[in-house]
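In my numbering, the protein residues as written are 283 to 621. By construction, the Cβ of each residue, glycine as well, lies at the ideal position given by its N, Cα and C atoms.
Written out as structure tokens, the structure is:
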């Protein structure tokens, strides 16, 4: 069954453009034309955002998420848009919050203690005997070996199973449509998916930030497709500053033009990244690291300035081993978010 929610959108704000300090306008609402069933399914997949301490979806939590300011972070802003869309649909809203003990209590007033206790026992017994679809979904997710994998690991598994997840009508790409087909158990070409492929497709679909993050290019645009190159870049885009700098250090002699050169300059990194003509050859890893390092403007500038004999060095578009060691000593070891 094809989802009514589009896989891609064009954000109205680019946080990397200088001078955009005004409050962020919302990105395009991908839920505007979605069916109630599809909208509800997305919320159920992310229900932890909308639950109270008792595990119930509540009106208060939906309003809390809807009232958040837009940040420019794709995954966060999509949840804010989802909450706003639910508030815009009274019937869907009632369906999502009905059936919770706290909601029923507010609607019907204070009940007698014995009635409340009896109802609680009845609901508990019913839940144990007839688990809800959301309970089943969460139990299935818990048993999914790919469910809590990092973005880099998911990308690696998707790369290894690319042909199994690929859209036969759009060769060279994994699409939302092909993922949903595999997750249902039958690929778009009619062949049966293996349990491992089904679990992998479900894990990707249940990680809303992963598909959008892998799809998004460096200009912040989307085409609703994931290529092998997109998946390969995820490893480097999510790499911590520390690991990226360590990779640059390991490949130091590959970047420098001279065997005794003490410095890597930005022209040499641009050669490695394919942004400048060169007669030299670089490993794929060295190319990817150079490209990612150049795209992290803050890290690039800090490494350029580095440290000198009397404090910070000059901003001269080059750095040496001393500067790299200085940056490694303070660099974050936490993976970067994909979006």
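Strand pairing of residue 456, partner residues [DSSP]: Working through the chain shown from its first residue, we reach residue 456 at position 174. DSSP lists 508 as partners of residue 456.
Cβ distance (whole Å) where residue 599 is taken to contact residue 547 below 8 angstroms: Locating residue 599 in the chain shown gives position 317, counting from the first residue. Locating residue 547 in the chain shown gives position 265, counting from the first residue. Their Cβ separation, rounded to whole angstroms, is 6 angstroms, which keeps residue 599 and residue 547 in contact under 8 angstroms.
As assigned by DSSP and simplified to three states, the class of residue 615: Along the chain shown, read from residue 1 onward, the residue named residue 615 stands at position 333. In the structure shown, residue 615 sits in coil (DSSP, three-state: anything other than H, G, I, E or B).
Cross-strand partners of residue 600 (DSSP beta bridge): Here residue 600 refers to the residue found at position 318 when the chain shown is read from its first residue. Paired residues: 547.
Burial state of residue 360 (16 or more Cβ within 10 Å): As a working mapping, residue 360 is identified with position 78 in the chain shown. By the 10 Å Cβ count, residue 360 comes out buried.
Pick from 440, 607, 356 and 494 that is closest to residue 480, judged by C-alpha positions: Numbered from its first residue, the chain shown carries residue 480 at position 198. It is 440.
Reduced DSSP secondary structure (H/G/I, E/B, other) of residue 567: As a first step, residue 567 must be located in the chain shown, where it is residue number 285. Residue 567: helix per DSSP, three-state reduction.
Cβ-based burial, residue 333 [other Cβ within 10 Å; buried from 16]: The residue you call residue 333 lines up with position 51 of the chain shown. With fewer than 16 other Cβ atoms within 10 Å, it is exposed.
Nearest-angstrom Cα separation, counted from residue 518 out to residue 605: Taking the first residue of the chain shown as position 1, residue 605 is located at position 323. Taking the first residue of the chain shown as position 1, residue 518 is located at position 236. For residue 605 and residue 518, the distance between alpha carbons rounds to 21 angstroms.
Residues near residue 589 in its chain [Cβ-Cβ closer than 7 angstroms; skip 5 each side]: Numbered from its first residue, the chain shown carries residue 589 at position 307. Result list for residue 589: 595, 604, 605 and 608, in chain order.
Stretch pair the stretch 578-586 + the stretch 558-569: three plus CB contacts closer than 8 angstroms: Touching, no.
Bridge partner(s) assigned by DSSP for residue 468: Against the chain shown, residue 468 aligns to sequence position 186. DSSP output for residue 468 lists 474 as bridge partner(s).
Option nearest residue 449 by Cα separation, candidates 473, 362, 366 and 531: Position 167 of the chain shown, counting from 1, holds the residue named residue 449. Cα-wise, what sits closest to residue 449 is 473.
Residue 427 to residue 503 span [Cα, whole Å]: Locating residue 427 in the chain shown gives position 145, where the first residue counts as 1. Locating residue 503 in the chain shown gives position 221, where the first residue counts as 1. When rounded, the distance between both Cα atoms is 31 angstroms.
Residue 536 burial status per 10 Å Cβ neighbour count (16 or more: buried): Walking along the chain shown from the start, residue 536 turns up at place 254. Classification for residue 536: buried.
Burial state of residue 453, where buried means 16 or more other Cβ atoms lie within 10 Å: As a first step, residue 453 is located in the chain shown; it is residue number 171 there, counting from the start. Exposed is the call here.
Cβ-Cβ distance between residue 350 and residue 362 below 8 angstroms: Walking along the chain shown from the start, residue 350 turns up at place 68. Walking along the chain shown from the start, residue 362 turns up at place 80. Yes, Cβ-Cβ distance for residue 350 and residue 362 is below 8 angstroms.
Exposed unless 16 or more other CB atoms sit within 10 angstroms - verdict on residue 532: Numbered from its first residue, the chain shown carries residue 532 at position 250. Burial call: exposed.
Neighbour-count burial assignment, residue 445, 16 or more Cβ in a 10 Å radius: Position 163 of the chain shown holds residue 445. Under this definition residue 445 is an exposed residue.
DSSP beta-bridge partners of residue 333: Position 51 of the chain shown, counted from the first residue, corresponds to residue 333. Answer is 339, bridged to residue 333.
Same chain, Cβ closer than 7 angstroms to residue 549, neighbours up to 5 away in sequence not counted: Mapped onto the chain shown, residue 549 falls at position 267. Correct list, in chain order: 558.
Same chain, Cβ closer than 8 angstroms to residue 339, neighbours up to 5 away in sequence not counted: Your numbering for residue 339 matches position 57 in the chain shown. These residues qualify, in order along the chain: 325, 329, 332, 333, 378, 379 and 382.
Residue burial classification, residue 337 (beta-carbon count within 10 angstroms, cutoff 16): Here residue 337 refers to the residue found at position 55 when the chain shown is read from its first residue. Burial call: exposed.
Beta carbon of residue 620 nearer than 8 angstroms to that of residue 496: As a working note, residue 620 is residue 338 in the chain shown. As a working note, residue 496 is residue 214 in the chain shown. Yes, the Cβ-Cβ distance between residue 620 and residue 496 is below 8 angstroms.
Contacting residues, own chain, Cβ-Cβ under 6 angstroms from residue 390 (five flanking each side not counted): As a first step, residue 390 must be located in the chain shown, where it is residue number 108. Reliability fails at residue 390, whose pLDDT of 42 lies under 50, so the model's placement of it is uncertain and no value is given.
Expected contact under 8 angstroms - CB spacing of residue 602 and residue 564 to nearest Å: Taking the first residue of the chain shown as 1, we reach residue 602 at position 320. Taking the first residue of the chain shown as 1, we reach residue 564 at position 282. Wrong, their Cβ atoms sit about 20 angstroms apart, outside the cutoff.
Burial state of residue 469 (16 or more Cβ within 10 Å): Translated into the one-based positions of the chain shown, residue 469 becomes position 187. Buried.
Residue 354, DSSP secondary structure in three states: Translated into the one-based positions of the chain shown, residue 354 becomes position 72. Three-state DSSP puts residue 354 in coil, outside helix and strand.
With 16 other Cβ atoms within 10 Å as the buried cut-off, status of residue 516: Here residue 516 refers to the residue found at position 234 of the chain shown. Residue environment for residue 516: buried (at least 16 other C-beta atoms within 10 angstroms of its C-beta).
Close-in-space but distant-in-sequence residues of the same chain around residue 510 (CB under 7 angstroms, 5 per side omitted): Locating residue 510 in the chain shown gives position 228, counting from the first residue. For residue 510, where only same-chain residues beyond five positions count, the Cβ hits under 7 angstroms are 441 and 444.
Residue 593 versus residue 525: straight-line alpha-carbon distance, rounded: The count along the chain shown starts at 1 and reaches residue 593 at position 311. The count along the chain shown starts at 1 and reaches residue 525 at position 243. Answer to the nearest angstrom: the Cα atoms are 25 angstroms apart.
Cβ neighbour criterion (16 or more within 10 Å) applied to residue 512: The residue labelled residue 512 in the question sits at position 230 within the chain shown. Classification for residue 512: buried.
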